[in-house]
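Note that the protein sequences, when read in sequence, are chains B and Z. Under full-length UniProt numbering, the residues of the first sequence are numbered 1 to 624, in order. Under full-length UniProt numbering, the residues of the second sequence are numbered 1 to 624, in order. Ideal placement from N, C-alpha and C gives every residue a C-beta, glycine not left out. For reference, the structure is listed below as structure tokens.
Number of protein chains: 2
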Amino acid sequence: MGTAMSPKITVELLRQLRQAMKNSKHITEPLQAYIIPSGDAHQSEYIAPCDCRREFICGFNGSAGTAIVTEQHAAMWTDGRYFLQASQQMDNNWTLMKMGLKETPSQEDWLISILPENSKVGVDPWIIAADQWKTMAKALSSAGHSLVAVQENLIDAIWEDRPARPSTKLSALGLKYTGLSWQDKIVQLRGKMVERKVSWFVVTALDEIAWLFNLRGSDIEYNPVFFAYAIIGINGIWLFLEETRVMDPVLREHLELDGPSKPELKVQCLPYESVYKELQAICASLGPKEKVWISDKASCALTQAIPKIHRSPIPYTPLCLAKAVKNPTEIQGMKMAHIKDAVALCELFAWLEKEIPKGTVTEISAADKAEEFRSQQKDFVGLSFPTISSVGPNGSIIHYRPLPETNRNLSLTEVYLIDSGAQFLDGTTDVTRTVHFGTPSDYEKECFTYVLKGHIAVSAAVFPNGTKGHLLDSFARAALWDSGLDYLHGTGHGVGCFLNVHEGPCGISYKTFADEPLEAGMILSDEPGYYEDGSFGIRLENVVLVVPTKPKYNYRNRGSLTFEPLTLVPIQLKMINTENLTQKERDWLNDYHRKCRETIGAEMERQGRKEALDWLIRETQPIA
Amino acid sequence: MGTAMSPKITVELLRQLRQAMKNSKHITEPLQAYIIPSGDAHQSEYIAPCDCRREFICGFNGSAGTAIVTEQHAAMWTDGRYFLQASQQMDNNWTLMKMGLKETPSQEDWLISILPENSKVGVDPWIIAADQWKTMAKALSSAGHSLVAVQENLIDAIWEDRPARPSTKLSALGLKYTGLSWQDKIVQLRGKMVERKVSWFVVTALDEIAWLFNLRGSDIEYNPVFFAYAIIGINGIWLFLEETRVMDPVLREHLELDGPSKPELKVQCLPYESVYKELQAICASLGPKEKVWISDKASCALTQAIPKIHRSPIPYTPLCLAKAVKNPTEIQGMKMAHIKDAVALCELFAWLEKEIPKGTVTEISAADKAEEFRSQQKDFVGLSFPTISSVGPNGSIIHYRPLPETNRNLSLTEVYLIDSGAQFLDGTTDVTRTVHFGTPSDYEKECFTYVLKGHIAVSAAVFPNGTKGHLLDSFARAALWDSGLDYLHGTGHGVGCFLNVHEGPCGISYKTFADEPLEAGMILSDEPGYYEDGSFGIRLENVVLVVPTKPKYNYRNRGSLTFEPLTLVPIQLKMINTENLTQKERDWLNDYHRKCRETIGAEMERQGRKEALDWLIRETQPIA
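This is the structure we're talking about:
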């Protein structure tokens with residue numbers, strides 16, 4: 001228990017890749033460097049096993065990271081959430097590039113500093129985003145090198161037992177869950193296209209396609225999406241998805257495949273792989289002034305299929321924006337999902353309290369138990385991300401996932417952090433609680449209290465309509481900063497409704513500037529933390545809904561917004577230095593716990609979960 | 001008194017400009033639109049009378065704003081500081097475009113929405129920054145229009161009595177004030193050029209040239225700069241400045257014009273107008289890999305004189321960065337300047353208290369008196385910007401400047417806001433105080449208290465080394481936001497040392513993202529406000545120095561920073577609801593007032609200014 005993860009041995013793989021970089025079977029000219037980005041052809045954050053190329057080559061399996069292999073070097077860039085994990089998963093053929101630290105070079109600067117003159121740097125154009133391609137190509141060419149699109153993926157070329165692309169069962173979501181038919185979503189989308197004089201829109205993000213068509217799949221673990229592209233015209237709808245996947249009569253009826261109600265709503269299914277060819281054909285028939293929308297985060301390959309004169313790259317697509325502002329049905333569903341989720345999590349904590357003293361509960365068994373309790377709730381589909389169940393020092397690995405070789409016992413002496421969530425048919429959850437089953441140290445309580453102050457500062461913030469989320473990030477840090485502490489991740493991300501647990505275009509992070517302004521109906525996480533390498537991790541995360549509020553005044557009639565917590569799980573009082581809270585913070589906490597008791601308590605009674613109810617009532621007592 | 005400013009009548013001017021836009025004497029092809037930017041060829045914020053082209057055409061004389069004239073329309077974009085002023089100064093031939101409001105189109109979007117197909121939009125390439133040109137040209141061409149560089153300025157063509165370009169007396173600043181010789185500054189600059197493999201650096205910002213050569217002039221009111229360009233090579237120094245301006249033996253010796261100590265420090269003076277030709281000549285002789293640095297805010301004309309292959313545009317030049325971090329001599333000078341400035345301002349307030357009841361003090365006479373008191377202080381050079389002296393409703397015009405037709409009497413019934421500053425040989429000041437000489441209303445006190453809370457939240461903030469200033473902006477707004485209030489300007493700007501009162505690359509504003517991280521030695525303003533149109537304005541501004549601080553912990557050894565106020569002028573207690581301050585805020589205020597009393601009081605005693613000292617002691621009593 002508690003031994004470090006062992007790194008992947010990569011000597012032989014790197015030898016093979018470097019050979020492929022020179023082998024005319026794969027490339028036209030030898031490459032001096034090859035870039036292995038993190039994502040798939042849809043720039044998904046979570047990816048299917050067949051797309052885990054960066055993990056294959058270097059061993060690091062976090063959600064964000066780019067590997068670059070040259071003739072002499074191999075380096076991997078990732079951010080603060082993953083420094084510890086990456087250093088444990090990679091062998092010493094690899095250099096870890098810690099993004100966000102002053103001394104860490106950018107990928108471009110590093111390449112320029114080590115490449116021989118006139119080097120060729122290769123990348124698979126299907127898995128690099130168009131905006132990233134542009135930045136990289138520009139930097140390299142200004143230093144006399146060139147970025148080369150390599151059609152065959154060189155990792156795939158050396159990956160002998162690479163898994164097949166998944167093709168799971170699809171299901172249709174009714175109005176009861178979506179609040180809006182796909183037909184109405186198409187009409188609204190076309191309205192925006194007409195308004196902006198755009199003829200076509202190429203949809204590449206998997207969650208946008210799932211949301212638009214009110215369909216869900218399970219091609220990617222934790223994300224209820226399926227591999228597809230869509231091209232929406234003013235009169236036509238192309239869905240690039242093997243027709244074999246929609247043979248079920250329910251799906252055919254949902255998509256009106258056998259006779260649409262209106263001709264402009266006819267969905268044409270075409271093979272997934274034919275998107276490039278079909279897009280080229282569409283572009284060949286465009287009038288000189290016609291415009292095609294595509295996300296600037298779409299793959300370089302598909303973006304370049306659109307001639308520059310017709311191409312209109314956009315940072316956030318109209319679907320991304322529409323999806324982010326939840327409609328009343330979605331909001332109701334998200335609320336229900338969070339109530340069920342809270343019941344399950346409270347049951348877990350009540351169970352842990354009983355079981356831990358026996359000495360048999362581990363990070364893995366606790367995570368399994370959490371999944372078991374969640375799975376008993378109505379409309380449970382699966383987890384929304386791998387449960388982070390971490391004890392003591394493992395908690396300082398921000399995106400830790402317990403493995404048999406790292407698994408620690410839960411005990412009465414160490415801090416326990418659990419960050420977990422589920423997919424229900426009516427919504428997606430994501431919650432983190434940090435607890436102690438014995439007596440926390442003064443230092444642990446001190447740090448927890450700073451994190452709580454930051455959490456409340458964001459959750460209770462009142463701000464003008466149209467404020468961007470990144471402007472709230474410092475509120476979450478002020479108490480930590482005052483004591484010289486900080487955390488190296490953002491404070492919040494958008495959350496989908498029975499969709500991806502991370503979604504744009506809103507968020508709360510010092511790293512972004514181009515986030516879209518917050519609007520009532522958006523749903524985000526609020527999750528400050530503090531991590532002491534080798535000792536413990538603290539994070540406190542609620543999912544919150546942006547709601548209108550009416551403060552005393554209304555400057556320039558702009559209106560004000562605040563957050564309503566959807567997550568209703570008690571915050572452990574034992575971890576708090578209550579004397580260090582302001583009266584406003586104490587009031588917030590008591591009010592929050594009252595809501596937990598009332599809302600979750602009522603659902604527990606309905607479900608007859610007596611033990612959890614006792615635990616809930618005890619954990620939600622007001623503080624003085 | 002108190003009547004609104006009257007707008008400029010622009011019917012005839014617009015007719016003449018529209019004629020010029022079609023007249024082949026000035027242009028090769030007729031223009032459908034003409035852009036009149038705010039700045040001069042150096043992208044200065046404050047400009048000489050000969051460069052006030054936007055004011056000439058539309059009447060609005062604020063520091064920021066862009067006018068665009070088409071065949072049918074005339075529109076002017078400016079930001080929240082100037083909405084009221086611009087609406088009063090422009091006649092109804094002009095549409096005011098309120099930047100930052102959701103419904104306001106960008107210049108590009110507006111042009112695209114109203115221009116006929118294939119339009120030509122003209123602009124003088126010398127007064128549009130290269131980055132703005134790029135954005136505008138791209139947007140227009142994507143909509144089928146084109147941006148055209150018009151060599152002759154069309155405003156100059158119709159401006160009959162346009163003033164000549166100023167050529168004021170220059171003076172050299174000794175080491176006593178600068179702390180670093182220009183020769184050492186050149187050596188440091190060349191070090192950075194060598195490090196980044198850059199052969200040449202084209203300096204276009206007037207304050208960078210003044211700072212680099214330790215020279216000052218007064219070509220532009222309030223800014224001690226002079227019209228010049230410089231090109232620095234690894235071995236050569238070209239200063240584009242008529243040699244007649246440096247005939248004074250002191251200046252010749254300062255610049256070592258008659259025999260430099262080292263050959264690589266020889267300064268070659270060339271005519272101001274020859275910069276384009278000389279830069280072209282330099283570029284013609286460059287090796288294939290040689291790079292030339294130029295600010296991406298330099299004029300489009302000069303930027304394009306550098307072939308693209310050699311051009312290396314940078315957001316902040318090494319001089320801009322070096323100038324922002326003040327050395328110990330500059331910090332000492334800034335402290336001295338602020339002490340002298342505080343003596344003068346305290347004298348003003350003591351004088352106002354006596355004089356106002358007589359009913360004869362006006363906005364203009366109060367501003368004049370402030371200048372008189374400042375001018376009695378050692379090494380006074382002039383004001384650092386036009387004094388904003390505003391009573392009651394005039395205070396809500398954020399960059400108000402009293403004119404005879406708007407001049408109001410100071411009274412015992414209205415709020416008085418004075419934002420003023422000076423240039424001393426040892427430093428530049430900028431301070432705002434809002435006071436009431438009778439009894440402020442509850443609402444005025446409430447708003448003032450929110451603004452004070454915001455001011456303190458920034459001033460007392462502790463944050464990690466390397467934090468960007470924009471991350472602190474929301475701290476200044478939180479108390480206002482809580483009550484539904486806000487202000488439509490940034491919270492802070494960099495301040496030069498006997499240089500421009502506004503300088504980059506640091507600042508505290510929600511509008512920027514590309515500001516440079518804060519470092520110890522940087523100097524900024526902290527100036528939240530609240531403005532009630534037609535009633536009053538409140539602003540509370542100190543100049544603050546970024547200093548290291550040592551909180552309890554030191555996460556990842558990053559170190560922490562905070563601010564030390566350089567401005568030491570009492571904050572009027574009468575305006576504060578002290579019961580609404582937290583204990584921490586009360587402590588800050590008492591500590592600040594103690595520093596004012598000790599530091600400024602000592603200087604007043606030294607100068608024998610008894611009445612002001614009595615006032616100071618009374619105004620700095622601690623609150624309970």
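Item                                                                                                                                                                                                 : Value
When the Cα atoms are used, what is the spatial distance from phenylalanine 511 of chain B to glycine 62 of chain Z?                                                                                 : One point to set straight first is that residue 511 of chain B is lysine, not phenylalanine, in the sequence displayed. Their backbone Cα atoms lie some 33 Å apart in a straight line.
Quick check: is the beta carbon of threonine 582 of chain Z nearer than 9 Å to any beta carbon in chain B?                                                                                           : yes
Spell out the partners DSSP gives phenylalanine 424 of chain Z in its beta bridges.                                                                                                                  : Z/Phe380 and Z/Gly427
For chain Z, check one thing: does any of its Cβ atoms lie closer than 9 Å to the Cβ of lysine 134 of chain B?                                                                                       : no
Taking glycine 333 of chain Z as part of the alpha helix (DSSP H), name the residues at either end of that continuous run.                                                                           : 328 to 355
Verify the CB distance criterion: does glycine 484 of chain B have a CB-CB separation below 9 Å to chain Z?                                                                                          : yes
Quick check on lysine 297 of chain B - is its C-beta less than 9 Å from some C-beta in chain Z?                                                                                                      : no
Quick one: residues in its chain with C-beta nearer than 6 Å to the C-beta of lysine 8 of chain Z, no 5 flanking neighbours on either side, listed in chain order?                                   : Gly59
Check for me: the beta strand (DSSP E) holding cysteine 506 of chain Z runs from which residue to which?                                                                                             : 503 to 508
Assuming the contact rule is C-beta atoms closer than 8 Å, valine 203 of chain Z and isoleucine 232 of chain Z should be a hit. Round their C-beta distance to whole Å, please.                      : 7 Å
Do the CB positions of serine 199 of chain Z and leucine 111 of chain Z come within less than 9 Å of each other?                                                                                     : no
Closer than 9 Å, Cβ to Cβ, to anything on chain Z: give me those residues from the segment 469 to 498 of chain B, in chain order.                                                                    : His470, Leu471, Leu472, Asp473, Ser474, Phe475, Arg477, Ala478, Leu480, Trp481, Asp482, Ser483, Gly484, Leu485, Asp486, Tyr487 and Leu488
So alanine 129 of chain B and cysteine 300 of chain B are supposed to be a Cβ contact under 8 Å. How far apart are they, rounded?                                                                    : 7 Å
Can you give me, in chain order, the residues of the segment 528 to 555 of chain Z that have a beta carbon less than 7 Å from any beta carbon in chain B?                                            : Pro551, Lys552, Tyr553, Asn554 and Tyr555
Kindly list the residues whose CB is nearer than 8 Å to the CB of glutamate 29 of chain B, restricted to its own chain and excluding five residues on each side of it in sequence; keep chain order. : Lys120 and Val148
When DSSP builds the beta bridges, which residues end up paired with glutamine 621 of chain B?                                                                                                       : Answer by DSSP bridge pairing: none, since glutamine 621 of chain B is not bridged.
Name the two residues that bound the continuous alpha helix (DSSP H) containing tryptophan 588 of chain B.                                                                                           : 583 to 595
Mind pulling the chain B residues with CB within less than 7 Å of lysine 102 of chain Z?                                                                                                             : Gly466
Report the rounded CA-to-CA distance for aspartate 296 of chain B versus isoleucine 397 of chain Z, giving the unit in angstroms.                                                                    : 41 Å
Using only CA atoms, which one of Z/Ile114, Z/Arg252, Z/Gly65 and Z/Gln88 lies nearest to methionine 99 of chain Z?                                                                                  : Z/Gly65
Over what stretch of residues does the alpha helix (DSSP H) that includes alanine 461 of chain Z continue unbroken?                                                                                  : Where alanine 461 of chain Z is concerned, there is no enclosing alpha helix (DSSP H), given that its DSSP letter is neither H nor E.
Between the segment 448 to 467 of chain B and the segment 495 to 507 of chain B, do at least 3 Cβ pairs fall closer than 8 Å?                                                                        : no
Quick check: the segment 81 to 97 of chain B against the segment 34 to 51 of chain B, are there 3 or more CB pairs under 8 Å?                                                                        : no
Is there a Cβ of chain B sitting closer than 9 Å to that of phenylalanine 201 of chain Z, yes or no?                                                                                                 : no
If you drop the 5 nearest sequence neighbours on each side, which residues of the same chain put their C-beta closer than 7 Å to that of threonine 413 of chain Z?                                   : Gly438
For arginine 401 of chain B, which residues in the same chain have their Cβ closer than 6 Å to its Cβ, ignoring the five residues on either side in sequence?                                        : Pro386
If we count the other Cβ atoms within 10 Å of its Cβ and call it buried at 16 or more, is serine 478 of chain Z buried or exposed?                                                                   : Here residue 478 of chain Z is alanine; the residue named in the question, serine, does not match the sequence. Its Cβ being crowded by 16 or more others within 10 Å, alanine 478 of chain Z is buried.
I'd like the list of long-range same chain contacts for aspartate 533 of chain Z, defined as Cβ closer than 7 Å, with 5 residues on each side in sequence excluded.                                  : Leu84 and Ser396
Lysine 138 of chain Z to proline 517 of chain Z, Cα distance in whole Å?                                                                                                                             : 30 Å
I'd like the ranges of any beta strand (DSSP E) spanning at least 3 consecutive residues and lying wholly in the segment 160 to 232 of chain Z.                                                      : 200 to 203
In chain order, what residues of the same chain lie with their CB nearer than 6 Å to the CB of asparagine 223 of chain Z, ignoring the 5 residues before and after it?                               : Tyr46 and Asn500
Could you tell me which chain B residues have their CB closer than 8 Å to the CB of glycine 144 of chain Z, listed as they occur along the chain?                                                    : Lys289
Please state the DSSP three-state secondary structure of phenylalanine 563 of chain Z.                                                                                                               : strand
Please state the DSSP three-state secondary structure of tryptophan 133 of chain B.                                                                                                                  : helix
In three-state terms, what does DSSP make of alanine 514 of chain B?                                                                                                                                 : coil
Can you tell me which residues form a DSSP beta bridge with asparagine 409 of chain B?                                                                                                               : B/Thr362
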